[in-house]
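Colleague:
In the working numbering, the protein residues as written are 1 to 114.
(1) How long is the line joining the alpha carbons of residue 20 and residue 83, rounded to whole angstroms?
(2) Looking only at its chain, what residues have a beta carbon closer than 6 Å to the beta carbon of residue 91, apart from the 5 residues adjacent to it on each side?
(3) Determine the burial state of residue 44: buried for a count of at least 16 other Cβ atoms within 10 Å of its Cβ, exposed for fewer.
(4) Residues bridged to residue 84 by DSSP?
(5) So, are the CB atoms of residue 74 and residue 34 less than 7 Å apart?
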């Protein structure tokens with residue numbers, strides 16, 4: 001079971017893309033602050049993309065992103081199985097100050113975000 005495995009590992013799991021500024025920023029924050037994470041790049045790994053699409057289809061947290069024409073990344077799966085799209089809140093909850101390393105990229109067709 002994925003949720004049990006993540007609890008045992010005590011790592012952050014997220015789906016993203018190296019093309020997405022928020023994904024790059026989350027990864028940079030995890031590395032800077034020593035936060036253990038497992039990253040699945042949906043733009044480079046077909047299995048990761050399939051996992052993400054299944055998650056996106058089944059979880060209501062993606063409704064707003066889908067309605068806005070977004071992808072819904074980074075999609076962060078917590079150890080308890082809950083999903084969030086708010087990477088800054090996740091970093092803040094570790095007691096660290098979120099920072100943006102990359103500011104100019106975006107994923108929506110209108111270039112407003114992921």
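Even glycine gets a Cβ: it sits at the ideal position worked out from N, Cα and C.
Being a predicted model, the structure only gives us computed values, none of them experimental.
Modeller: In terms of the structure at hand:
(1) For this step, residue 20 is matched to residue 20 along the chain shown. For this step, residue 83 is matched to residue 83 along the chain shown. Residue 20 and residue 83: Cα-Cα distance of roughly 18 Å.
(2) The count along the chain shown starts at 1 and reaches residue 91 at position 91. Here the set comprises 29 and 98.
(3) Taking the first residue of the chain shown as 1, we reach residue 44 at position 44. By the 10 Å Cβ count, residue 44 comes out exposed.
(4) For the purposes of this step, residue 84 is taken as the residue at position 84 of the chain shown. DSSP lists 76 as partners of residue 84.
(5) By one-based count along the chain shown, residue 74 stands at place 74. By one-based count along the chain shown, residue 34 stands at place 34. Cβ atoms of residue 74 and residue 34: not closer than 7 Å.
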